[in-house]
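First comes the structure, then the notes that go with it.
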Amino acid sequence: MNANSHSKKQFAYPLKWRLFDAIEAIFETVALPKMRAATPYIWLAPALALIGLLGVGMFLMLDASFRELDRSTFTLSSTYSLVNYARLADYSVFKAVLVRSVLASLVVTVTTVALALPYAYTMVRTEGARTRKLLLFCLFVPFFIGAVVRGYSWVIVLGREGLVNDFFGLFGFEPFRILFTPLAVVIGMVQYMLPFAVLMIAPAITSIPKEVELAAEGLGANWRRTIWEVVLPLAKPGIVSATIVVFTLSITDYAMPYMMGGGMYDFVSNLVVDIFLGISDRGLGAALVVVLVALGSLIVTAIFLAFDYRTILRKKTFINKQLP
Amino acid sequence: MTRKDIIFLHQSRRDFLTSSAKLAGLAGAFGLVQPHTSAFAAEPEKPGELFVRAWGGAWSDALKQKVSDEFSKLTGITVTHDNTYHAEMKTKIWEAQAQNRTPPVHINWDVSDIAYESAVHGACVDLADLPVIADMKAAAVPVGVTGVPYLNPYLYVYALIYRPSKFPDGAPKSWKVLLDPQFKGRIVATSSGNGIIHAAQVAAGGKVSDMPDNMQAGWDFIAEFRKQNPLLGKDEDMTKWWEQNEADIALNIISNVTDIRDKGGDVAWTVPDEGAYATNDCLWVPKGFPENEEYWAKQYVNFAMTKDPNQNWCDALALPGLNKGFVAPAKFKDDPAYPTTDEQLKKVFFIPSEIQVKHWDEWVLKYKSIMNI
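Respectively, the protein sequence lines represent chains V and W. To convert, note that position 117 of the first sequence is 423 in the working numbering; the numbers rise steadily by one, no gaps. To convert, note that position 219 of the second sequence is 566 in the working numbering; the numbers rise steadily by one, no gaps.
Here it is, written out as structure tokens:
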């Protein structure tokens with residue numbers, strides 16, 4: 307009796323497996339014979355639906371970008387034209403904000419990845435469990451605090467009556483403006499992006515066996531050379547992923563430029579909101595969004611090409627393949 | 348059919364509203380109006396709830412305490428505030444109307460120039476039959492649009508706000524103080540350009556009547572102003588930055604800083620000799636509701652504009668009401684940024700919504716082009 311029930315338990319499928327089997331069986335019953343080969347791919351349907359919705363949204367945005375706002379009725383024209391794109395060229399604010407967004411995002415990306423690398427490396431390689439826990443704790447705490455709260459925290463630190471000015475005041479310095487400068491925007495964004503970058507780079511470093519670094523040192527490489535010629539090349543997939551994630555999040559950021567820039571250092575997203583809501587021109591706002599998406603996509607493609615995308619998309623690293 | 352029914356059917360809607368309001372006023376005067384009773388007794392079926400879009404914080408609190416709660420007491424209709432940003436609400440209403448859906452709010456508390464866009468778009472119910480219009484000042488009723496698509500309960504002035512401790516000789520007399528190098532990095536203006544574009548025009552010697560055709564002097568002034576490295580934000584940003592001691596001068600509405608002054612803060616305001624830009628907020632009812640809901644939404648607007656609610660609401664907002672019976676509180680007597688008399692109103696200037704709305708996108712983009720380089 308006991309043996310029987312034990313055997314039943316052993317061979318019983320978990321409920322979710324049975325559920326999945328049932329769904330696949332339903333699909334195979336409903337689908338045409340030729341379509342049955344596609345059964346395993348039905349699980350991609352939710353992801354495709356999500357991407358499809360985004361695609362529809364982008365298509366509508368693209369469509370609106372070619373329609374001019376009729377200010378006598380505040381509706382978009384039924385005919386297509388390039389008026390909105392021409393207006394983007396007419397006002398210098400668009401060029402200024404696009405250039406600022408790209409340059410600042412590049413600065414944020416380089417700074418963030420440069421800071422994330424040693425953080426991730428230390429977190430992975432440290433021998434001390436306490437140190438690792440502390441680093442993990444510091445990494446995850448910001449995720450529990452939204453961007454707005456973090457932005458206001460920086461106001462307390464960098465404001466005219468903030469901690470930094472208080473500190474300099476001890477040495478007789480007059481309060482000076484740190485907040486509402488380009489530097490403040492970059493500081494806020496780097497702090498916001500750092501956990502994302504560390505989380506992307508850490509798995510890549512984990513996948514590098516410690517023995518490889520020891521071998522490099524055994525062959526006479528000092529730690530700098532080991533990092534430069536062994537760790538960085540092998541961690542490239544993680545570094546490139548972090549670069550892309552941080553750059554795309556930065557170039558589309560709204561909160562930090564708004565809170566830390568004092569209205570003088572807008573990014574594209576800030577301007578998009580002003581156009582959609584402030585002057586109610588959906589066509590012009592859509593044109594700016596299309597330009598932003600096109601520009602961001604071009605830069606991300608350039609990053610992929612510059613870092614050899616085949617390496618990044620490879621399932622296993624070189625080391626994993628070579629080592630038993 | 349009773350005689351009362353026959354009379355009711357033959358009354359025009361306007362007559363009906365007028366007589367209802369007169370009855371309500373009469374009943375109120377004799378203390379006869381009881382909660383949920385006679386004033387609206389013979390009116391269309393009441394909805395359970397009305398939704399009103401409102402600015403958040405103290406603005407929403409003022410409307411709730413002085414208008415919405417009182418309206419609920421009188422009618423039994425629950426009033427719920429929706430704090431969606433006004434410009435965003437406008438697009439939501441337009442989208443709902445385009446798709447034949449019910450709009451998200453019954454009453455939109457909006458900026459009058461933005462409401463003008465909705466009026467032109469055909470989104471607003473005509474309020475022309477509201478009896479309270481007869482009790483409102485001329486500035487409460489929009490011009491240049493068909494009918495009365497919205498009503499302005501008050502006006503506000505983009506005044507020059509300053510720290511008295513930084514001006515020992517008294518209030519600055521001119522907007523040119525915005526170009527004073529000693530205040531570099533210590534000035535706040537609006538991120539949209541609202542108020543500052545208009546102030547720059549008169550500060551630079553231009554005329555309001557020259558707008559929109561000849562504004563070069565104003566743009567040149569703004570280009571100089573850009574060198575002052577000001578902070579640019581919305582109303583609430585200005586208040587926050589003032590409290591954080593990030594600025595000594597600001598261009599804003601006084602109701603955003605009256606609390607600071609009342610608590611003894613280092614703030615005062617003035618209208619410079621060149622004058623200051625004044626404009627309105629408003630209430631409007633979107634088209635697309637069932638007849639009874641539209642009716643009660645209009646009653647809400649009517650109630651908000653009547654003497655006592657208008658006085659109480661505007662007092663809470665620290666803004667001059669536009670009901671003819673409005674009386675300025677003592678603390679704002681002779682305050683040029685709180686104009687109630689004809690003499691005071693001469694010191695401020697309005698731009699017709701038609702001009703403002705038609706050219707607003709050009710002005711904003713030009714302003715931003717100057718400020719963002």
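Beta carbons: idealized from backbone N, C-alpha and C, even for Gly.
| Asked | Found |
| --- | --- |
| Chain-ordered neighbours of Asp628(W) on chain V, where CB pairs are closer than 8 Å | Result: empty, since nearest Cβ-Cβ is about 16 Å, beyond 8 Å. |
| Sufficient close CB pairs (3 or more, under 8 Å) joining the stretch 564-575 of chain V to the stretch 539-555 of chain V | no |
| Residues that Ser378(V) contacts on chain W, provided the C-beta gap is smaller than 8 Å | Val467 |
| Alpha-carbon to alpha-carbon, Gly363(V) and Lys580(V) | Strictly speaking, residue 580(V) in this sequence is Asp, with Lys absent from that position. Between Asp580(V) and Gly363(V), the C-alpha separation is close to 20 Å. |
| Minimum Cβ-Cβ distance from Val480(V) to chain W less than 8 Å | Going by the sequence as given, residue 480(V) is Glu instead of Val. No, Glu480(V) does not count as interfacial toward chain W. |
| Identity of the residue in Ser700(W), Asp682(W), Gln412(W), Gln703(W) nearest Lys693(W) by Cα | Asp682(W) |
| Proximity of Ser603(V) and Val414(V) at Cβ, strictly below 8 Å | no |
| In chain order, each beta strand (DSSP E) run of at least 3 residues that lies wholly inside the stretch 619-688 of chain W | 623-631 |
| Sufficient close CB pairs (3 or more, under 8 Å) joining the stretch 489-507 of chain W to the stretch 656-671 of chain W | yes |
| CA-to-CA distance, Ala351(V) to Trp323(V), given in whole angstroms | 18 Å |
| Glu583(W), DSSP secondary structure in three states | helix |
| At least 3 beta-carbon pairs within less than 8 Å: the stretch 459-478 of chain W vs the stretch 639-652 of chain W | yes |
| For Tyr560(V) and Ser716(W), believed in contact at Cβ under 8 Å, the rounded distance | About 20 Å; that fails the 8 Å criterion. |
| Contacts around Ser586(V), its chain only, beta-carbon distance under 7 Å, and the 5 residues preceding and following it disregarded | Phe380 |
| Minimum Cβ-Cβ distance from Ser398(V) to chain W less than 8 Å | yes |
| Minimum Cβ-Cβ distance from Ser443(V) to chain W less than 8 Å | In the sequence under discussion, the amino acid at residue 443(V) is Phe, which differs from the Ser named in the question. No, Phe443(V) does not count as interfacial toward chain W. |
| CA-to-CA distance, Lys413(W) to Lys420(W), given in whole angstroms | 11 Å |
| The stretch 525-535 of chain V / the stretch 441-453 of chain V touching (three or more Cβ pairs under 8 Å) | no |
| CB-CB length for Leu404(V) against Arg588(V), believed under 8 Å | The pair is not a contact, with the Cβ atoms about 19 Å apart (cut-off 8 Å). |
| In DSSP terms, what Ala536(W) is bridged to | Leu579(W) |
| C-beta atoms of Ile461(W) and Lys437(W) nearer than 8 Å | yes |
| Contacts that Leu404(V) makes with chain W (C-beta to C-beta distance below 8 Å) | Residues of chain W passing the Cβ test: none, with the nearest at roughly 11 Å. |
| Residue-chain proximity (Asn719(W), chain A), Cβ-Cβ < 8 Å | Protein chains V and W are contained in the structure displayed, whereas chain A is not. |
| Sequence-distant residues of the same chain with beta carbon closer than 7 Å to Asn576(V), five excluded per side | Tyr560, Pro563, Tyr564 |
| C-beta atoms of Val711(W) and Ser465(W) nearer than 8 Å | no |
| Within chain W, partners of Phe486(V) - CB distance below 7 Å | Leu578 |
| Contacts of Ile585(V) in chain W (Cβ-Cβ under 7 Å) | Trp707, Asp708, Val711 |
| From Thr617(W), Asp708(W), Asn599(W), residue whose alpha carbon lies closest to that of Met584(V) | Reading the sequence as shown, one finds Gly at residue 584(V) and not Met. Looking at the Cα atoms, Asp708(W) is the closest of the given residues. |
| Start and end residues, beta strand (DSSP E) containing Leu388(V) | Run containing Leu388(V): none; DSSP gives neither H nor E here. |
| For Trp616(W) and Phe679(W), the rounded distance between their alpha carbons | 11 Å |
| Chain-order list of residues whose beta-carbon lies under 8 Å from that of Lys439(W) (same chain, five-residue window excluded) | Thr431, Pro450, Pro451 |
| heavy atom of the ligand SAM below 7 Å from Tyr647(W) C-beta | The model on display carries no ligand, and the ligand SAM is accordingly not part of it. |
| Endpoints, beta strand (DSSP E) assigned at Pro500(W) | 498-509 |
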